[in-house]
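Undergrad: Pasting in a structure now, in structure tokens, and then I'll have a few things to ask.
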Amino acid sequence: MGRLLASLESLGQAENTLVVFTSDNGGFAGVSDCRPLRESKGHLYEGGIRVPMIVRWPGQVAAGVVNHEPVVSMDFYPTFIEMAGLKPSATKPIDGESLLRLFRGQGKPKRSELFFHFPNYAWHMGNRLGGAVRSGDYKLIRNYDDQSLELYNLKSDLGESKNLTKRRPRLAKRLDQKLSAWLKETGAKMPKPPKPGAR
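Counting in the numbering used here, the sequence shown runs from 5 upward without gaps.
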């Protein structure tokens, strides 16, 4: 990474280049340890979906600033489109939101929720199929196999050890309804039940 940044400097392109250092998912179980986050790649717990992101863009992004606003990788495309001064397609929907205002310290994304959908088994991870919605400090997970719900306050319980669905049933129901509406709106493909006798 240092060589890349040094090359951009030597070429005079550092101020013309946004560098994003991130990952697409949490660490791989057995090889890495995501603690204090729960679980790893292939799971809807924070260990599977929370990743670091470092942004460098001299003259545009202030150095040394820490921001805890959650974003998703789908935000990169609209960010790069806006950076290039282009207009997004009028006929194709864009799932993410540009992060330029956030990067420049001019405000947060307009959305109030982030959604996740994982309808496939990862054979090597022992995951459960499910969907999740994050709203503020709270995250709701719906497990598709039995439709059970898990609600966590990520501010006070980053390790997702205290399921709050019984203590906050109205919040759990409201977030579950938002997840259902998003799944319907996006036409998300849902897992099919296994065939009889399948293992």
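Glycine included, C-beta positions come from ideal geometry on N, C-alpha and C.
(1) Anyone know if the C-beta pair for Pro-82 and Pro-74 falls short of 8 Å?
(2) By the three-class DSSP mapping on this structure, what secondary structure does Tyr-81 have?
(3) When you compare the segment 100 to 113 with the segment 54 to 67, are there three or more beta-carbon pairs, one atom per stretch, that lie closer than 8 Å?
(4) Any heavy atom of the ligand FMN inside 7 Å of the beta-carbon of Leu-168?
(5) Based on DSSP bridge pairs, tell me the residues matched to Ala-33.
(6) Which residues mark the beginning and the end of the alpha helix (DSSP H) in which Ser-11 is found?
(7) Where Ser-184 and Phe-119 are concerned, what is the direct C-alpha to C-alpha distance, given to the nearest angstrom?
(8) With a cut-off of 8 Å on the beta carbons, I'd call Asn-131 and Gly-46 a contact; round off their distance for me.
(9) Looking only at C-alpha atoms, which of Pro-97, Tyr-49, Phe-32, Arg-7 sits nearest to Leu-144?
(10) Going by C-alpha distance, which of Glu-43, Ser-116, Lys-159, Leu-155 is nearest Gly-30?
(11) Rounding to the nearest angstrom, what Cα-Cα distance links Val-70 and Lys-193 in this structure?
(12) Which residue from Val-55, Lys-170, Cys-38 puts its Cα closest to that of Gly-163?
(13) What's the C-alpha gap between Ser-160 and Ser-14?
(14) Determine the direct distance from the alpha carbon of Asp-79 to that of Ser-116, and round the result to whole angstroms.
(15) Does DSSP classify Arg-174 as helix, strand or coil?
(16) Less than 8 Å between the beta carbons of Gly-134 and Tyr-148, yes or no?
(17) Got a sec, what are the start and stop residues for the alpha helix (DSSP H) Arg-105 sits in?
(18) Taking Val-24 and Val-59 to be in contact with their CB atoms under 8 Å, please state how far apart those CB atoms are, rounded to whole angstroms.
(19) Along the beta strand (DSSP E) that carries Asn-53, what are the first and last residues, could you check?
(20) Tell me whether His-121 is buried or exposed, calling it buried when 16 or more other Cβ atoms sit within 10 Å of its Cβ.
TA: Per the coordinate set shown:
(1) Taking the sequence shown and counting its residues from 1, one reaches residue 82 at position 78. Taking the sequence shown and counting its residues from 1, one reaches residue 74 at position 70. No, the pair does not count as a contact, with Cβ atoms beyond the cut-off.
(2) Along the sequence shown, read from residue 1 onward, the residue named residue 81 stands at position 77. Helix at Tyr-81.
(3) yes
(4) You won't find the ligand FMN in this model; it holds no ligand whatsoever.
(5) Along the sequence shown, read from residue 1 onward, the residue named residue 33 stands at position 29. Ala-33 pairs with Ser-36.
(6) Stepping through the sequence shown from its first residue, residue 11 is reached at position 7. It spans 6 to 14 - the alpha helix (DSSP H) in which Ser-11 sits, taken as one unbroken run.
(7) Here residue 184 refers to the residue found at position 180 when the sequence shown is read from its first residue. Here residue 119 refers to the residue found at position 115 when the sequence shown is read from its first residue. For Ser-184 and Phe-119, the distance between alpha carbons rounds to 10 Å.
(8) Taking the first residue of the sequence shown as 1, we reach residue 131 at position 127. Taking the first residue of the sequence shown as 1, we reach residue 46 at position 42. About 4 Å; that satisfies the 8 Å criterion.
(9) Here the question's residue 144 lines up with position 140 in the sequence shown. Measuring from the Cα of Leu-144, the nearest candidate turns out to be Tyr-49.
(10) Numbered from its first residue, the sequence shown carries residue 30 at position 26. Considering only alpha carbons, the answer is Glu-43.
(11) Start at 1 with the first residue of the sequence shown, and residue 70 comes out as number 66. Start at 1 with the first residue of the sequence shown, and residue 193 comes out as number 189. Between Val-70 and Lys-193, the C-alpha separation is close to 36 Å.
(12) As a position in the sequence shown, residue 163 is number 159, starting the count at 1. Among Val-55, Lys-170, Cys-38, the Cα nearest to that of Gly-163 belongs to Cys-38.
(13) Here residue 160 corresponds to residue number 156 of the sequence shown, with the count starting at 1. Here residue 14 corresponds to residue number 10 of the sequence shown, with the count starting at 1. Answer to the nearest angstrom: the Cα atoms are 45 Å apart.
(14) As a working note, residue 116 is residue 112 in the sequence shown. As a working note, residue 79 is residue 75 in the sequence shown. Looking at the two C-alpha atoms, the distance is approximately 14 Å.
(15) Within the sequence shown, residue 174 is the residue found at index 170, counting from 1. DSSP places Arg-174 in helix when its eight states are reduced to three.
(16) Walking along the sequence shown from the start, residue 134 turns up at place 130. Walking along the sequence shown from the start, residue 148 turns up at place 144. Yes, the Cβ-Cβ distance between Gly-134 and Tyr-148 is below 8 Å.
(17) For the purposes of this step, residue 105 is taken as residue 101 along the sequence shown, with counting starting at 1. From DSSP, the alpha helix (DSSP H) with Arg-105 extends over 104 to 107.
(18) Position 20 of the sequence shown, counting from 1, holds the residue named residue 24. Position 55 of the sequence shown, counting from 1, holds the residue named residue 59. Sure, about 6 Å apart at Cβ, within 8 Å.
(19) Counting from one through the sequence shown, the residue named residue 53 turns up at place 49. At residue 53 the sequence reads Ile, which differs from the Asn that was named. Careful: Ile-53 lies outside any beta strand (DSSP E), inside the alpha helix (DSSP H) at 50 to 53.
(20) Mapped onto the sequence shown, residue 121 falls at position 117. Classification of His-121: buried, given that the 10 Å Cβ count is 16 or more.
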